[in-house]
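What follows is a set of notes on a single structure, which appears directly below.
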Amino acid sequence: MPNKYGGAFMQCLLRCAAGATLALSAGCASSAASSGAVALASPVPAATFTSAAPVTLTLLAYDSFTPSAGMFDAFTKETGIEVQLALGGDAGELVTKAALTAGTPEGDVLWGVDNTLLSRALQAGMFAPYASPNLAHMDAAVTALVPGHAATPVDTGDVCINYDIAWFKARNLAPPLTLQDLASAAYKDLLVTPSPLTSSPGLAFLLATVAQFGEDSWQAYWKQLRGNGVLVVDGWTEAYYTEFSGSSGKGSRPLVVSYGSSPPAEVIYADPPISEAPTAVVLRTCFRQVEFAGVLRGTAHEREAQLLVDYLTSVAFQEDLPLTMFVYPVHQAAALPEAFTKYAQRPAAPLQLDPARIATQRSTWLDEWTTLVLR
Amino acid sequence: MSNSPAPYRSAVPWLAVAPALLLLVFFSWPLAGIVARGARGAAFVALFANPAIAPVLWFTTWQALASTLLTLLAALPVTHILARYQFAGRRVLLALVSTAFVLPTVVVGAAFLALLPPAWHRTAWAIIAAHVYFNCAVVVRVVGSRWEQLHPHLVDAARTLGASPLHILRTITLPLLRPALSAASAVVFLFSFTSYGVVRLLGGPARSTIETEIYLRAVHLDDLSGATALSLLQLAVLALLMWWWLQSAAARHSSSGAVFTQVRRPRTAARFAAVYGIGALTAAAVLAPLLALLLRSLRVGGTLSSSGWRAVFAPGVGSVVHSPLAAVLTSLQFALVTSICATLLGLATACAIAYGSRRLALLDALVMLPLAASAVTLGLGMLITFSAAPLNLRAAWIITPLAHTLIALPLVVRMLLPVVRAVPQGAREAAAVLGAAPWRVWLSIDLPLVARAAMAAAAFAFAVSLGEFGASSFLTRRTTATLPVEIARLLARPGDLVQAQGFVLATVLVLFTVTAIAAVDGLRPERLTI
Numbered sequence: 012m013p014n015k016y017g018g019a020f021m022q023c024l025l026r027c028a029a030g031a032t033l034a035l036s037a038g039c040a041s042s043a044a045s046s047g048a049v050a051l052a053s054p055v056p057a058a059t060f061t062s063a064a065p066v067t068l069t070l071l072a073y074d075s076f077t078p079s080a081g082m083f084d085a086f087t088k089e090t091g092i093e094v095q096l097a098l099g100g101d102a103g104e105l106v107t108k109a110a111l112t113a114g115t116p117e118g119d120v121l122w123g124v125d126n127t128l129l130s131r132a133l134q135a136g137m138f139a140p141y142a143s144p145n146l147a148h149m150d151a152a153v154t155a156l157v158p159g160h161a162a163t164p165v166d167t168g169d170v171c172i173n174y175d176i177a178w179f180k181a182r183n184l185a186p187p188l189t190l191q192d193l194a195s196a197a198y199k200d201l202l203v204t205p206s207p208l209t210s211s212p213g214l215a216f217l218l219a220t221v222a223q224f225g226e227d228s229w230q231a232y233w234k235q236l237r238g239n240g241v242l243v244v245d246g247w248t249e250a251y252y253t254e255f256s257g258s259s260g261k262g263s264r265p266l267v268v269s270y271g272s273s274p275p276a277e278v279i280y281a282d283p284p285i286s287e288a289p290t291a292v293v294l295r296t297c298f299r300q301v302e303f304a305g306v307l308r309g310t311a312h313e314r315e316a317q318l319l320v321d322y323l324t325s326v327a328f329q330e331d332l333p334l335t336m337f338v339y340p341v342h343q344a345a346a347l348p349e350a351f352t353k354y355a356q357r358p359a360a361p362l363q364l365d366p367a368r369i370a371t372q373r374s375t376w377l378d379e380w381t382t383l384v385l386r
Numbered sequence: 005m006s007n008s009p010a011p012y013r014s015a016v017p018w019l020a021v022a023p024a025l026l027l028l029v030f031f032s033w034p035l036a037g038i039v040a041r042g043a044r045g046a047a048f049v050a051l052f053a054n055p056a057i058a059p060v061l062w063f064t065t066w067q068a069l070a071s072t073l074l075t076l077l078a079a080l081p082v083t084h085i086l087a088r089y090q091f092a093g094r095r096v097l098l099a100l101v102s103t104a105f106v107l108p109t110v111v112v113g114a115a116f117l118a119l120l121p122p123a124w125h126r127t128a129w130a131i132i133a134a135h136v137y138f139n140c141a142v143v144v145r146v147v148g149s150r151w152e153q154l155h156p157h158l159v160d161a162a163r164t165l166g167a168s169p170l171h172i173l174r175t176i177t178l179p180l181l182r183p184a185l186s187a188a189s190a191v192v193f194l195f196s197f198t199s200y201g202v203v204r205l206l207g208g209p210a211r212s213t214i215e216t217e218i219y220l221r222a223v224h225l226d227d228l229s230g231a232t233a234l235s236l237l238q239l240a241v242l243a244l245l246m247w248w249w250l251q252s253a254a255a256r257h258s259s260s261g262a263v264f265t266q267v268r269r270p271r272t273a274a275r276f277a278a279v280y281g282i283g284a285l286t287a288a289a290v291l292a293p294l295l296a297l298l299l300r301s302l303r304v305g306g307t308l309s310s311s312g313w314r315a316v317f318a319p320g321v322g323s324v325v326h327s328p329l330a331a332v333l334t335s336l337q338f339a340l341v342t343s344i345c346a347t348l349l350g351l352a353t354a355c356a357i358a359y360g361s362r363r364l365a366l367l368d369a370l371v372m373l374p375l376a377a378s379a380v381t382l383g384l385g386m387l388i389t390f391s392a393a394p395l396n397l398r399a400a401w402i403i404t405p406l407a408h409t410l411i412a413l414p415l416v417v418r419m420l421l422p423v424v425r426a427v428p429q430g431a432r433e434a435a436a437v438l439g440a441a442p443w444r445v446w447l448s449i450d451l452p453l454v455a456r457a458a459m460a461a462a463a464f465a466f467a468v469s470l471g472e473f474g475a476s477s478f479l480t481r482r483t484t485a486t487l488p489v490e491i492a493r494l495l496a497r498p499g500d501l502v503q504a505q506g507f508v509l510a511t512v513l514v515l516f517t518v519t520a521i522a523a524v525d526g527l528r529p530e531r532l533t534i
């Protein structure tokens with residue numbers, strides 16, 4: 012019998028037998044170097060940790076979680092805790108899988124629930140609440156989304172229509188300015204969007220249309236979009252890198268649902284270097300996204316997992332986010348890089364929806380959308 | 005009332021305990037869970053009130069009908085030449101057609117992704133083409149064996165009397181083949197109706213069958229009640245189809261068993277050309293997707309490159325938990341566990357049925373049940389049942405090989421039962437009279453006679469586990485992703501190197517499956533004709 016599975020099986024049987032032993036072992040199996048963790052504002056005195064075995068935490072995230080190489084070395088050096096990444100799927104799949112495994116998680120910390128999916132995560136009870144001291148350095152509008160501290164905000168961004176500047180210039184066509192424009196004949200067969208069923212920017216775009224047109228009229232708008240030849244694909248990467256003409260993939264569609272920070276990404280990764288972004292954002296189509304991380308309920312290393320959440324919201328980690336994942340830090344002391352301030356556009360008044368409405372209506376809207384657009 | 009062989013009478017009932025327990029706990033309980041959840045009036049009403057569902061039911065049905073019709077059209081020419089003619093490469097052609105059938109559905113989906121131009125991906129026709137591809141073997145086997153029984157003189161006589169080939173086909177051949185044709189159609193329809201792997205890979209966001217919709221609702225939309233209601237609906241449809249099929253199967257068995265296998269060489273030049281033309285075309289059609297798969301695994305960035313293979317088998321050190329290589333190892337381990345469990349349990353079941361009292365024949369029916377439920381339903385049922393107390397196996401690796409064992413068990417029992425029954429009774433009684441204990445009798449008389457078949461069954465269970473996708477897609481976790489799960493994950497992501505790795509894994513899975521099935525064929529006591 013392979014050892015790693017044998018171990019997991021035994022562990023599971025043990026859990027069935029006595030939940031109490033688990034709590035006990037979680038308390039014991041901590042890292043020797045936890046004393047260093049005090050620097051990260053630990054409310055638990057380090058002296059309570061006794062075991063000497065080094066802890067390895069598993070951080071679950073979606074496929075496009077790409078911090079700089081070695082980004083966790085500082086954390087490991089400071090705390091003695093190793094970090095392993097387990098990436099997989101889009102945000103929607105990540106959250107549902109974690110919800111289905113609530114209580115017996117596949118890792119210790121999860122990164123990547125956004126405000127469109129947050130209610131699902133909270134209903135499933137997949138997180139063990141934790142109030143990070145870093146919450147004090149965040150905008151109240153962001154922290155207010157999770158009053159019970161089940162999850163911790165880690166970044167914000169905007170989901171907006173992006174367009175290929177050169178494509179529109181070559182055809183002497185003005186790029187669209189509003190969501191309504193996308194339904195007009197001038198932009199027929201030009202838009203590609205990831206599916207809201209399987210992708211979080213796709214869901215954000217659907218919510219943007221609900222916010223713009225209202226709960227009773229967005230359906231008519233999507234009927235027009237369908238008539239106007241909108242292409243729906245499974246995930247954001249496929250939409251942006253395969254179908255969109257303005258990215259390295261050189262697809263055929265000049266309009267794509269992507270992020271407000273995609274244009275600086277194009278500049279930073281350009282080879283050879285360029286001074287102007289090849290793509291731009293339609294500011295009036297933007298929907299505000301807030302992403303969260305959290306300690307997964309049932310982890311055997313809850314205290315260490317909390318330290319990792321502290322690290323994810325620390326200035327050092329937050330300052331790495333813009334250039335690697337093209338989102339905005341939530342820590343107010345984190346500085347934005349120059350390329351970002353120069354090429355990224357932020358809407359002054361992004362489209363927003365009441366989280367409570369999203370929570371109750373999301374599945375109804377998704378079924379309606381599926382019928383209108385896919386079937 | 006007992007028909008047990010004398011030496012085993014007392015031991016036999018105990019043999020039934022393990023398989024019966026497995027089925028009750030890991031099949032009946034999850035299914036009861038689905039019925040309990042899905043049959044709530046509210047869930048069903050919500051399901052049918054949901055406007056997104058009707059198109060799913062319609063697509064599932066029409067694509068299955070279209071797949072069945074096109075499979076018949078595509079398979080009848082090659083069925084005809086295999087049943088009627090002797091030609092160079094006949095055995096190879098038969099083996100090729102059969103290979104297409106044993107390939108895992110995820111591999112067939114991947115192969116059609118590799119073969120078809122991107123504009124055809126995500127269309128109903130890509131799905132239907134893949135269904136035709138692996139279902140042709142059903143027609144060749146079922147209709148072919150009947151065609152071999154038609155006396156060639158019937159056709160000869162008609163031709164002498166001046167009937168045209170078309171007239172002969174319409175008035176003699178087709179009417180005589182009709183029972184076989186409808187049996188084959190029913191099987192092909194069933195396979196296409198419950199298709200999952202192919203649709204997951206080729207369907208895209210807009211194409212959903214009942215099976216993939218169950219997955220979408222459970223895993224992406226967080227709609228477990230919708231998913232279980234759909235599962236229940238699927239169970240009902242399958243039960244209806246099976247009942248209808250068994251009804252007509254009873255009628256069909258009255259046909260004479262006489263075989264007039266008179267394959268002859270094509271005599272006229274036109275017929276020669278037709279036979280070799282159909283043969284070559286079919287062989288090319290079977291091989292093309294597999295070649296495309298291999299080629300795509302070797303193409304990165306538009307040029308021939310081994311970097312996909314290197315990325316899988318010599319990955320750099322990274323901090324990422326799982327890797328494509330891990331999926332290869334996991335699949336092999338799971339297949340081994342499944343193979344051992346299914347063979348031992350299958351042997352116990354077959355012996356209990358063969359030696360036991362009539363009451364144990366009930367086990368025969370019980371063990372066949374997993375065949376009647378789709379793997380997706382089984383996976384969903386196990387997921388909702390074993391994610392909570394009293395038996396929480398959600399984090400246990402064993403849950404996936406357990407599901408594979410349940411799926412392989414009916415087939416293993418079917419393979420072993422005739423062999424176990426054929427062991428001569430006299431030899432056993434002689435051994436018993438000489439004073440051997442029951443287990444000694446079994447080890448020295450039965451085991452040597454069933455060992456070959458047991459090994460064949462083990463290889464078969466191994467292949468089933470390797471290719472299983474429906475239940476695995478619900479039950480595996482990141483660290484226990486199997487080959488089909490990892491292939492589907494990689495091929496759903498863009499990026500040349502990522503895609504190439506998906507095609508590498510699919511190629512590896514083809515090699516494993518073909519090897520296992522070749523072992524099954526080599527170990528089977530009777531040689532295959534059609």
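From first to last, the protein sequence lines stand for chains E and L. Basically the working numbering = 1-based index in the first sequence + 11. Basically the working numbering = 1-based index in the second sequence + 4. Where is the CB? At the ideal position from N, CA and C, for every residue including glycine.
Residues near residue i by beta carbon distance below 6 Å, same chain, minus five either side
i       : result
G18(E)  : Per-residue confidence for G18(E) stands at a pLDDT of 36, beneath the threshold of 50, marking its modelled position as unreliable; no derived number is given.
F105(L) : F138, A141
S229(L) : A47
E277(E) : A288, P289, T290
D368(L) : I357
Distance between beta carbons of residue j and residue i, contact taken as under 8 Å
i       : j       : result
G113(L) : R204(L) : 7 Å
P205(E) : V244(E) : 6 Å
E490(L) : P293(L) : That belief does not hold up - the Cβ atoms of E490(L) and P293(L) are roughly 20 Å apart, past 8 Å.
Cα-Cα separation, residue i to residue j
i       : j       : result
A400(L) : A311(E) : 16 Å
L333(L) : T109(L) : 20 Å
H84(L)  : Q191(E) : 59 Å
A50(E)  : L98(E)  : Residue confidence is low: A50(E) scores 36 on pLDDT, short of 50, so the model does not pin down where it sits. Its coordinate-derived value is still stated next. Their backbone Cα atoms lie some 29 Å apart in a straight line.
P394(L) : L28(L)  : 15 Å
L105(E) : L214(E) : 14 Å
T127(L) : P59(L)  : 15 Å
A358(L) : L285(L) : 45 Å
Q372(E) : L128(E) : 12 Å
S258(L) : A457(L) : Only weak support is given to the placement of S258(L): the predicted model assigns it a pLDDT of 48, under 50, and the value that follows is read from those uncertain coordinates. Spanning the two alpha carbons is a distance of roughly 29 Å.
Partner residues on chain E for residue i, Cβ-Cβ distance less than 9 Å
i       : result
S391(L) : L111, T112, A113, G114, T115
Partner residues on chain E for residue i, Cβ-Cβ distance less than 8 Å
i       : result
H125(L) : By Cβ distance, chain E contributes nothing, its closest Cβ being about 10 Å from H125(L), past 8 Å.
H224(L) : G103, E104, T107, L208, T209
Neighbouring residues, chain L, relative to residue i (Cβ below 9 Å)
i       : result
R308(E) : By Cβ distance, chain L contributes nothing, its closest Cβ being about 13 Å from R308(E), past 9 Å.
L347(E) : Correct list: empty, because the minimum Cβ distance to chain L is about 27 Å.
Beta-carbon proximity list for residue i, same chain, < 7 Å, skipping 5 on both sides
i       : result
G309(E) : G114, T115, P116
N145(E) : D321, T324, S325, H342
Same chain only: Cβ atoms within 8 Å of residue i, ignoring 5 sequence neighbours per side
i       : result
A485(L) : H326, A330, A331, T334, R493
Proximal chain E residues relative to residue i, where beta-carbon distance stays under 7 Å
i       : result
R481(L) : E117
CB contact below 9 Å: residue i versus chain C
i       : result
D378(E) : Among the protein chains of the structure shown, namely E and L, there is no chain C.
Original post:
Got a sec: which bits of the stretch 193–210 of chain L sit with their beta carbon under 9 Å from any beta carbon on chain E, in order along the chain?
Top reply: Residues G208, P209, A210.
**OP:** Return the residues of the stretch 444–469 of chain L that lie within a Cβ-Cβ distance of less than 7 Å from chain E, sorted by chain order.
**Re:** none
**OP:** Give the residues from the stretch 488–508 of chain L that approach chain E closer than 8 Å (Cβ to any Cβ), ordered along the chain.
**Re:** Of all residues in the stretch 488–508 of chain L, only R493, A496, R497, P498, G499 place a beta-carbon less than 8 Å from a beta-carbon of chain E.
Subject >> Within 8 Å of chain L by C-beta, residues of the stretch 72–83 of chain E in sequence order >> reply: Near chain L, meaning a CB-to-CB distance below 8 Å, the residues of the stretch 72–83 of chain E are D74, F83.
Subject >> the stretch 310–332 of chain E: positions lying closer than 9 Å to chain L by Cβ >> reply: Contact annotation: in the stretch 310–332 of chain E, no residue has its CB less than 9 Å from a CB in chain L.
Original post:
If contact means a Cβ-Cβ distance below 7 Å, which residues of the stretch 39–52 of chain L contact chain E?
Top reply: none
Subject >> Proximal residues, the stretch 236–252 of chain E versus chain L, C-beta separation under 8 Å >> reply: For the stretch 236–252 of chain E, which is checked against every Cβ of chain L, the residues closer than 8 Å are V243, V244, D245, G246, T248, E249, Y252.
**OP:** Please list the residues of the stretch 297–318 of chain L that have a C-beta atom closer than 7 Å to any C-beta atom in chain E, keeping them in chain order.
**Re:** none
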